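Participant: Attaching a single structure in structure tokens format; questions to follow.
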Amino acid sequence: MVNAEVQNIVNSKQIPVGKKIIVTGYFRRGAPSSEIVAVEKEFSRVRSWYLDELVLIDFTKLQELDSIGIRNTIPLIITFNKELIKKKRFPISIIGNINSDIYNAVKDKFSDENLTTLLPWYENEEKYLRAADVD
0 MVNAEVQNIV NSKQIPVGKK IIVTGYFRRG APSSEIVAVE KEFSRVRSWY LDELVLIDFT
60 KLQELDSIGI RNTIPLIITF NKELIKKKRF PISIIGNINS DIYNAVKDKF SDENLTTLLP
120 WYENEEKYLR AADVD
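In numbering that gives the first Met the number 0, the protein residues as written are 0 to 134.
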């Protein structure tokens with residue numbers, strides 16, 4: 000079962016600069032469509048947030064992301080990032096272990112996409128804040 004919790008992102012001066020979606024649990028193989036729809040709904044809420052806010056998705060507590068989860072959630076993020084980049088906004092980014100199965104599966108699935116630009120991936124929130132230049 001996958002859960003998503005939304006928290007504020009604050010910089011080193013304790014100023015809120017955006018939202019962080021913390022994804023926990025796992026997309027297990029053959030997960031009920033209700034679980035997938037629930038997570039997609041959480042990600043789609045991003046569209047209603049102000050474009051001036053940063054959005055970070057935290058996969059550090061996610062235990063497993065199977066091909067169904069990758070196929071359903073990552074394209075949503077990439078599509079929205081294309082829109083954000085056109086509007087000269089910082090794209091939605093992900094934090095998680097870059098040596099993980101999740102990262103490797105995403106990289107393999109979307110090898111034809113320019114993932115460095117369309118799906119920025121950081122090891123921790125501090126590196127993300129430095130890259131976004133808000134720390």
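Using N, Cα and C, we set each Cβ at its ideal position, and we do this for glycine too. The structure presented is a predicted model; accordingly, all values stated were derived computationally and were not measured.
#1: Is it buried or exposed for residue 72, if we count other Cβ within 10 angstroms and need 16 for buried?
#2: Please determine, among 99, 9, 131 and 91, the residue with the shortest C-alpha to C-alpha distance to residue 74.
#3: Please go through the same chain and pick out, in chain order, the residues whose beta-carbon is closer than 8 Å to the beta-carbon of residue 84, but skip the five residues on each side of it.
#4: Unbroken alpha helix (DSSP H) runs of length 4 or more, entirely within the stretch 72–134: which are they?
#5: Could you give the C-beta distance for residue 94 and residue 121, rounded to a whole number, given that I count them as a contact under 8 Å?
#6: Using the Cα positions of residue 24 and residue 2, report the straight-line distance between them to the nearest angstrom.
#7: How far does the beta strand (DSSP E) with residue 14 in it reach, from first residue to last?
#8: Going by the CB atoms, is the gap between residue 61 and residue 19 shorter than 8 Å?
#9: Between the Cα of residue 132 and those of 59, 76, 7 and 88, spot the shortest distance and give me the residue it belongs to.
Facilitator: On the basis of the data shown:
#1: buried
#2: 91
#3: 90, 116 and 117
#4: 100–108, 114–117 and 124–131
#5: 5 Å
#6: 6 Å
#7: Note, residue 14: premise wrong, no beta strand (DSSP E); not H, not E.
#8: no
#9: 88
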